[in-house]
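Peer 1:
In the working numbering, the protein residues as written are 46 to 304.
1) Where does residue 74 sit, in a helix, a strand or coil, going by DSSP?
2) Measure the alpha-carbon distance for residue 196 versus residue 65 and round it to whole angstroms.
3) Locate the alpha helix (DSSP H) running through residue 203, then write down its first and last residues.
4) Quick check: what's the CA-CA separation for residue 270 versus residue 79?
5) What residue range is occupied by the uninterrupted alpha helix (DSSP H) comprising residue 91?
6) Keeping to the same chain, check which residues put their C-beta closer than 7 Å to that of residue 108; ignore five residues upstream and five downstream.
7) Within a Cβ cutoff of 8 Å, which residues of the same chain sit near residue 223, ignoring the five residues on either side of it in sequence?
8) Tell me whether residue 102 sits in a helix, a strand or coil according to DSSP, three-state version.
9) When you compare the CB positions of residue 239 and residue 277, do they come within less than 8 Å of one another, or not?
10) Can you say whether residue 199 is buried or exposed, counting buried as having 16 or more other CB atoms within 10 angstroms of its CB?
11) Applying the criterion that 16 or more other CB atoms from any shown protein chain within 10 Å of the CB defines a buried residue, is residue 63 buried or exposed?
12) Please name the residue in 249, 147, 274 and 155 whose C-alpha comes closest to that of residue 89.
13) CB-CB under 8 Å to residue 60, same chain, minus the five flanking residues each way: which ones, in chain order?
14) Using 8 Å for Cβ pairs, my map puts residue 284 next to residue 235. What's the rounded Cβ distance?
15) Could you pull out every residue in the same chain whose Cβ sits closer than 7 Å to the Cβ of residue 288, ignoring the five residues on either side in sequence?
16) Tell me whether residue 52 is buried or exposed, calling it buried when 16 or more other Cβ atoms sit within 10 Å of its Cβ.
17) Measuring only the C-alpha atoms, how far is residue 37 from residue 91?
18) Which residues does DSSP list as the beta-bridge partners of residue 231?
19) From residue 221 to residue 144, what does the alpha carbon distance come to, in whole angstroms?
20) I need the boundaries of the beta strand (DSSP E) containing residue 48, first residue and last residue.
21) Can you check which of these residues, 281, 291, 140 and 173, is closest to residue 118 by C-alpha distance?
22) Terminal residues of the continuous beta strand (DSSP E) containing residue 121?
23) Run through DSSP, which three-state label would residue 83 get?
24) In chain order, what residues of the same chain have a beta carbon less than 6 Å from the beta carbon of residue 49, not counting five sequence neighbours either side?
Structure representation (structure tokens):
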């Protein structure tokens, strides 16, 4: 199933945040969204997921949902948002509780989601017993349990240390290799985007507009060779050139506002 964003704009009162956003996420593709602070990345994700009504334009899904899909669009947030009084399996099962599924089907879905993200042996653990990386894996499993058509990922690794982030990036690449999931992935981290994404959408300063869409010429599981690393380094330099000056201006704007 494809996610299509057409002419989306939005403002908070008199403050314009997004303007004329067009993008397309094809089935089985990961599209990353980059841009300076305050350019509307998270607002765009909220509009894509139906949490925010756009001021202009529309978002639609095109094609058939996966056979066992319960929610076409599902979020993975920066904040793990786990319920501390539920163990891992119960946290993962939470989105299934209002779909009228039988116990056997709920158990099957939870088992599959935990296996996919490498947490099967921790199903009975409590959130307080888990590292930050493992808690985020639970959040990803909770998103996968409904077998969504499209994952909406809002800086899901930004709260993690660098080592844990790298491990989770490897896990996400392995998951994509196994399932070919579809995702719109918001991040501020250029290297992270280039590890995962097939294309990178670069937004301008507020109001966010699409400055450029940059193709990444290797599948996520084909990166790591000297040839791929050299090409990705060149793309990262190009991306930084696109956002550097606007990121600096955006930072100054935020500092002036805070002062």
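Built from N, CA and C at the ideal position, the CB exists for glycine as well.
Peer 2: With the given structure in hand:
1) coil
2) Straight across, the Cα-Cα distance linking residue 196 with residue 65 is about 23 Å.
3) No alpha helix (DSSP H) contains residue 203, which DSSP labels as neither H nor E.
4) 24 Å
5) 86-93 is the span of the alpha helix (DSSP H), which, as asked, contains residue 91.
6) 46, 47 and 72
7) Its chain contains 161 as the residues whose beta carbon lies nearer than 8 Å to that of residue 223, once the 5 sequence neighbours on both sides are disregarded; these appear in chain order.
8) strand
9) yes
10) buried
11) buried
12) 249
13) 251
14) 5 Å
15) 79, 80, 81 and 247
16) The residue is exposed, with fewer than 16 neighbouring Cβ atoms inside 10 Å.
17) Because the chain here runs from 46 to 304, residue 37 falls outside it and cannot be looked at.
18) 78 and 199
19) 26 Å
20) 47-57
21) 140
22) 118-121
23) DSSP places residue 83 in coil when its eight states are reduced to three.
24) Excluding positions up to five away in sequence, the list reads 69, 105 and 107.
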